């Protein structure tokens, strides 16, 4: 998933919050899920700005630069993804690629 204009921290945290794998193609998501993704990006970006102003940004990270998943306790993998080979942090349990693909095809 590529978001023009969003930084890598925001990209990783939004995808994690929505249980979307970073290698999922946005076009494979149903329209409703795409809209939810845009809304979450806006919401998280505004929160990000507020947290950064008060120097509390890192305490809100759930997956970015983590080794252990904040939700399931599983391993977070650091992987270079996409054409630009940007760093993605992925919990295979919380962000399964196969599940995300099938979810996109069903709806």
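Numbering (our numbering), first residue to last: 1 to 107.
Glycine included, every Cβ here is placed at the ideal spot set by N, Cα and C.
Source: prediction; values computed, not measured.
- When beta bridges are read from the DSSP output, residue 79 appears opposite 88.
- Per DSSP, reduced to three states, the secondary structure at residue 68 is strand.
- Residue burial annotation: residue 91 is buried, with at least 16 other C-beta atoms found within 10 angstroms of its C-beta.
- For residue 71, the closest C-alpha among the options 88, 25, 13 is that of 13.
- With at least 16 other beta carbons inside 10 angstroms of its own, residue 11 counts as buried.
- Spanning the alpha carbons of residue 18 and residue 60 requires a straight line of approximately 15 Å.
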